Amino acid sequence: MQISVNRSSQTVTALTVPVSLDSLSHFENSLLIDRILVRVPTVLKLQQILSKKERQEDQRITNNYLDSIPHTAQVPSLEDTKVDEETYTMTNGQSTILFDPVIKKGIVKFEVQSLHNLMAVGIADETVKYGRNEEPYANGRRLLDMIGCMGNISHIGDSIQGNAEFHTGDRVALELNMDSNLRTLTFFVNDVEQPIFIINIPAAVRAYLYQKDQAFEVLKFEAISEPTAKHAKGSRAFVYGTEWKRSEEKKCAIQ
């Protein structure tokens, strides 16, 4: 077999027959290997790339990450509520607005800001629906909420005092832990955990807001890997679906 090498142009001319690398000179061997490495990614390199991506994904899962949840609002009437991206302004009457998706699993934080006298924020069983000009309890007691100007939690029976009031400019968040055996709902006002929290909430719920001549903006609808609620000393748990004891009455004046 005859093989010739033109070193000035650094090309190799060979007969079109199989040739082992052992039969080539060191120069020819290196030249062919270099061409192969340049043109064809090695399996090892691909494995390294895949391994790196897997490690990054594992790290994302183990960290306390935030994943935004795509969401839509069930607005009973666009004639009564002006919607501008994440801002909702009541222009006529009253409105109870539910948010999809239904929350069934994981740990979810839903946060809004009161732009003008937001009345109440809470959760409703997935079966609850609202028509035009309906208030939250128009369809029974398959929900609970925190009323802004009092901080009271309302459900079955009478409202419970102990959480902070919220007013125009304040941020209110719901943290739902559907992974807990107790399925908990904890309220936050301006990032401060509130002492009254709820256990045994339904297995599938929606966040909702009630407004009357008011406006609010949705800031967050996120899945988080670990709960931020601590339920420290002084916190009190109330059971969803049971009748609550009357709290001291407190009047609320809309400004």
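One point on numbering: in numbering that gives the first Met the number 0, the residue at position 238 of the sequence shown is 237, and numbering is uninterrupted.
Ideal placement from N, C-alpha and C gives every residue a C-beta, glycine not left out.
Note that the structure is predicted; figures quoted are calculated from it, not measured.
If you check the beta carbons only, do ASP99 and MET89 fall under 8 Å apart? Against the sequence shown, residue 99 aligns to sequence position 100. Against the sequence shown, residue 89 aligns to sequence position 90. No; because the gap between Cβ atoms is not below 8 Å, this pair is not in contact.
My output table needs one value for PRO100: the three-state DSSP class, helix, strand or coil. Translated into the one-based positions of the sequence shown, residue 100 becomes position 101. Strand, per DSSP.
Could you have a look at ALA236 and say whether DSSP puts it in helix, strand or coil? Walking along the sequence shown from the start, residue 236 turns up at place 237. DSSP places ALA236 in strand when its eight states are reduced to three.
Exposure of VAL127, with buried meaning 16 or more beta-carbon neighbours within 10 Å: Counting from 1 along the sequence shown, the entry for residue 127 is found at position 128. If you draw a 10 Å sphere on the C-beta of VAL127, you find 16 or more other C-beta atoms in it, and that means buried.
If you follow the beta strand (DSSP E) that ASN255 is in, where does it begin and where does it stop? The question about residue 255 has no answer here: the residues shown for the chain are numbered 0 through 254.
Do SER113 and GLY147 come within 8 Å of each other at the CB atom, strictly closer than that value? Counted from its first residue, the sequence shown places residue 147 at position 148. Counted from its first residue, the sequence shown places residue 113 at position 114. Yes, they are a contact pair.
Among the candidates ILE195, ALA236, PRO226 and LEU208, whose CA atom is the shortest distance from the CA of PRO74? Start at 1 with the first residue of the sequence shown, and residue 74 comes out as number 75. The question names Pro, yet the displayed sequence has Val at residue 74. Ranking ILE195, ALA236, PRO226 and LEU208 by Cα distance to VAL74 puts LEU208 first.
For THR241, the three-state DSSP class (helix, strand or coil): Translated into the one-based positions of the sequence shown, residue 241 becomes position 242. DSSP places THR241 in coil when its eight states are reduced to three.
Since ALA172 and GLU216 should fall inside the 8 Å C-beta cutoff, what is the C-beta to C-beta distance between them, to a whole number of angstroms? For the purposes of this step, residue 172 is identified with residue 173 of the sequence shown, where counting begins at 1. For the purposes of this step, residue 216 is identified with residue 217 of the sequence shown, where counting begins at 1. Rounded, the Cβ-Cβ distance is 13 Å, inconsistent with contact.
Quick check on ALA137: does DSSP put it in helix, strand or coil? Taking the first residue of the sequence shown as position 1, residue 137 is located at position 138. Helix, per DSSP.
Three-state secondary structure assigned by DSSP to ARG131: The residue you call residue 131 lines up with position 132 of the sequence shown. DSSP places ARG131 in coil when its eight states are reduced to three.
On the CB-based measure, 16 or more other CB atoms within 10 Å of its CB, does HIS166 come out buried or exposed? Taking the sequence shown and counting its residues from 1, one reaches residue 166 at position 167. Burial call: exposed.
Endpoints, beta strand (DSSP E) assigned at LEU114: Locating residue 114 in the sequence shown gives position 115, counting from the first residue. It spans 106-115 - the beta strand (DSSP E) in which LEU114 sits, taken as one unbroken run.
For the beta strand (DSSP E) containing ASP83, name the first residue and the last one. Your numbering for residue 83 matches position 84 in the sequence shown. Note, ASP83: beta strand (DSSP E), 80-83.
Terminal residues of the continuous beta strand (DSSP E) containing ILE146? Counting from one through the sequence shown, the residue named residue 146 turns up at place 147. Here the beta strand (DSSP E) through ILE146 covers 142-146.
May I ask you to report which of helix, strand or coil DSSP gives THR10? What you label residue 10 is simply residue 11 of the sequence shown in a count that begins at 1. With a pLDDT of 46 at THR10, under the threshold of 50, the predicted position of this residue should be treated as unreliable, though the coordinate-derived value follows. Correct three-state label for THR10: strand.
Here's the rule: buried if 16 or more other CB atoms are within 10 angstroms of the residue's CB, otherwise exposed. What is ALA123? As a working note, residue 123 is residue 124 in the sequence shown. Buried.
Measuring alpha carbon to alpha carbon, tell me which of VAL107, VAL82 and LYS81 ends up nearest ALA206. What you label residue 206 is simply residue 207 of the sequence shown in a count that begins at 1. When C-alpha distances from ALA206 are compared across VAL107, VAL82 and LYS81, the shortest belongs to VAL107.
Per-residue burial, GLY156 [other beta carbons within 10 Å of its own, 16 or more giving buried]: Locating residue 156 in the sequence shown gives position 157, where the first residue counts as 1. Exposed, because fewer than 16 other Cβ atoms sit within 10 Å of the Cβ of GLY156.
Answer yes or no: do LYS232 and GLU192 have a C-beta to C-beta separation smaller than 8 Å? The sequence position of residue 232 within the sequence shown is 233, counting from 1. The sequence position of residue 192 within the sequence shown is 193, counting from 1. Cβ distance not < 8 Å, so LYS232 and GLU192 don't count as in contact.
Identity of the residues DSSP links to ILE198 by a beta bridge: Residue numbering aside, residue 198 sits at position 199 when the sequence shown is read from its first letter. ILE198 is bridged to VAL238.
Residue of VAL101, VAL120 and HIS70 minimising C-alpha distance to ALA214: Along the sequence shown, one-based indexing puts residue 214 at 215. The shortest Cα separation from ALA214 among VAL101, VAL120 and HIS70 belongs to VAL120.
For a quick check, are the C-beta atoms of ALA202 and ASP66 less than 8 Å apart? By 1-based counting over the sequence shown, the position of residue 202 is 203. By 1-based counting over the sequence shown, the position of residue 66 is 67. No, these two residues do not count as a Cβ contact at 8 Å.
Locate the beta strand (DSSP E) running through PHE220, then write down its first and last residues. Position 221 of the sequence shown, counted from the first residue, corresponds to residue 220. Per DSSP, PHE220 belongs to the beta strand (DSSP E) from 214-223.
Please report the residue range of the beta strand (DSSP E) in which PHE187 lies. Counted from its first residue, the sequence shown places residue 187 at position 188. Residues 183-188.
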